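In order, the protein sequence lines correspond to chains A and B. Numbering-wise, the first sequence is residues 1 to 124 according to the working numbering. Numbering-wise, the second sequence is residues 1001 to 1205 according to the working numbering.
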Amino acid sequence: MAARLKLHSRTSKLTPAPLSSAHHCDELPDLDRLIHERIRLGIVSALAINDSLSFNDLRRLLKTTDGNLSVHARKLEEAGHIACHKFFEGRIPRSEYRLTSTGRRALEQYIKQMEDLIRRTRKQ
Amino acid sequence: MLDPRPHRRRRPHTRSRPLPLRALDDLRYIRETMERSAAFTASPGWGQLLMGVTALAAAAIASQQSTPTRWLSVWLIEAVVAVASGLPATKLKAHRAGLALTSGPSRKFALGFLPSIAAAVLLTVALVRAHEFSLLPGVWLLLYGTAIVSAAAFSIPVLRGMGLGFLFTGTLALYDPSWGNLLMAAGFGGLHIVFGAWIGAKHGG
Chain A
1 MAARLKLHSR TSKLTPAPLS SAHHCDELPD LDRLIHERIR LGIVSALAIN
51 DSLSFNDLRR LLKTTDGNLS VHARKLEEAG HIACHKFFEG RIPRSEYRLT
101 STGRRALEQY IKQMEDLIRR TRKQ
Chain B
1001 MLDPRPHRRR RPHTRSRPLP LRALDDLRYI RETMERSAAF TASPGWGQLL
1051 MGVTALAAAA IASQQSTPTR WLSVWLIEAV VAVASGLPAT KLKAHRAGLA
1101 LTSGPSRKFA LGFLPSIAAA VLLTVALVRA HEFSLLPGVW LLLYGTAIVS
1151 AAAFSIPVLR GMGLGFLFTG TLALYDPSWG NLLMAAGFGG LHIVFGAWIG
1201 AKHGG
């Protein structure tokens, strides 16, 4: 049962699904697994065209829950892709996120990889 | 041992799709997210373009007026028309993203934008009372440019370019007030149309 629970947790929304599959293993590019996950990709994409966004703005934009966003944002922050500025507005704590230059480069690289993949497929 | 829990159907997962389809999905998702988050810029590109067109019409009508008071009236009516077209366009852009006009960056944009506009209103009153109509185009263009540059700190970088364009036309209008109406057409008309079309095409409407 413990093994079963572990399997469930590994395939939960919070963990990126394994990228390789038996069918496509040979054509898989070396993707940035950190931003390949949907919510994290959404955070990075939204911050790419906004100077900064608050936690609430991101939550509404990505239509996700506080907990989910919090976990994904922390992972990106730990990797240095985004920076978080915490402050108080009156008595209310606020978190403001910005995309770092590392994060911007990672997104550009990811988009380039996706475009290359599509281009290669069209040529075949 | 048999699992007593009811069998759950697995949903088809995007990860099991062929890679090129996943790549297309991801690119589409990135584009859609960027488009939706563009509402946070609180800058409606197509609304600005419309404001530019009405400003060009106002400049043409204003240039035909025989008295400064009538010239001023045309531009004041244009200001009301611009607000009436810009505000719903901003609201529509935010609505399309499922957001309120009062969302964080929109509020910051307004806080950066409004002080210079308030200063422009007060200076307009002072200059009209002093019968210094020829200085109005320079003051309007400069303070609108200042408002845009300040607000751009909370929005898309391209707005800074537009703000600097207004500061440039405003400086020219103060240097030679006889070109005032033409520079108003170039600024409120031309810059709004060029940057409005750019923002509309590149930043989600």
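We put the beta carbon where it would ideally sit given N, CA and C, even for glycine. Treat the numbers as computed from the prediction; the structure is a model and nothing was measured.
- Remark: C-beta atoms of L1123(B) and V1139(B) approach each other more closely than 9 Å.
- Beta-carbon to beta-carbon, T100(A) and I111(A) are separated by about 17 Å, too far to satisfy the 8 Å threshold.
- The Cβ atoms of V1128(B) and L1136(B) sit closer than 9 Å to each other.
- Residue pairing by DSSP places H85(A) opposite E96(A) in a beta bridge.
- Among the residues facing chain B, H36(A) is included, as its CB has a counterpart in that chain under 9 Å away.
- Within the same chain, and ignoring the five residues on either side of G80(A) in sequence, the residues whose Cβ sits closer than 7 Å to its Cβ are T100, T102.
- Judged by beta-carbon spacing, G1165(B) lies within the 9 Å limit of F1195(B), meaning their Cβ atoms are closer than that value.
- Between the alpha carbons of A1152(B) and F1113(B) lies a distance of about 9 Å.
- Using a Cβ distance threshold of 9 Å, L1056(B) and I1193(B) count as a contacting pair.
- The C-beta separation of T1033(B) from S45(A) comes to about 4 Å, placing the pair in contact by the 8 Å criterion.
- At a beta-carbon threshold of 7 Å, the residues of chain B lying near T121(A) are P1020, ordered along the chain.
- By the beta-carbon neighbour count (other beta carbons within 10 angstroms, threshold 16), Q1048(B) is buried.
- Beta-bridge analysis with DSSP links L53(A) to Y97(A).
- Counting only the Cα atoms, L1167(B) lies some 25 Å from T1069(B).
- When Cβ pairs closer than 8 Å are counted between the two stretches, the region 32 to 39 of chain A is seen to touch the region 61 to 72 of chain A, the count reaching three or more.
- Within chain B, no residue has its beta carbon less than 7 Å from that of I39(A); the closest one is some 10 Å off.
- Contact annotation: in the region 1051 to 1071 of chain B, no residue has its CB less than 9 Å from a CB in chain A.
- Leaving aside the five residues that flank F87(A) on each side, the residues in its chain whose CB is nearer than 6 Å to its CB run, in chain order, R94.
- Judged by their CB atoms, A48(A) and R104(A) are nearer to each other than the 9 Å cut-off.
- Straight-line measurement puts the Cα of L62(A) at about 19 Å from the Cα of A1023(B).
- Nearest neighbour of M1184(B) by Cα position, chosen from W1071(B), D1026(B), T1090(B), turns out to be W1071(B).
- Unbroken beta strand (DSSP E) runs of no fewer than 3 residues, entirely contained in the region 1040 to 1064 of chain B, are not found.
- Unbroken beta strand (DSSP E) stretches of 3 residues or longer found wholly inside the region 1163 to 1201 of chain B: none.
- If you look at D66(A), you'll find it in the alpha helix (DSSP H) that goes 66 to 78.
- Taking a Cβ-Cβ threshold of 9 Å, the residues of chain A close to Y1029(B) are R38, L41, G42, S45, in chain order.
- Residue-level contact check: D51(A) touches chain B, since one or more beta carbons of chain B fall below 9 Å from its beta carbon.
- By the neighbour-count definition (other C-beta atoms within 10 Å, threshold 16), Y97(A) is a buried residue.
- Closer than 9 Å at the C-beta level to chain B, one finds these residues of the region 46 to 80 of chain A: A46, L47, A48, I49, N50, D51, S52, L53, S54, N56, D57, L58, R60, L61, L62, K63.
- Looking only at V1080(B), L1172(B), S1073(B), S1178(B), the smallest Cα-Cα distance to G1187(B) is reached by L1172(B).
- In this structure, the alpha-carbon of L76(A) lies about 45 Å from that of V1081(B).
- DSSP places L1143(B) inside the alpha helix (DSSP H), whose first and last residues are 1136 to 1152.
- Nearest CB-CB separation between L107(A) and chain B: below the 9 Å threshold.
- Taken through DSSP and simplified to helix, strand or coil, S1155(B) comes out as coil.
- Listed along the chain, the chain B residues whose CB falls inside 8 Å of the CB of L117(A) are L1019, P1020, A1023.
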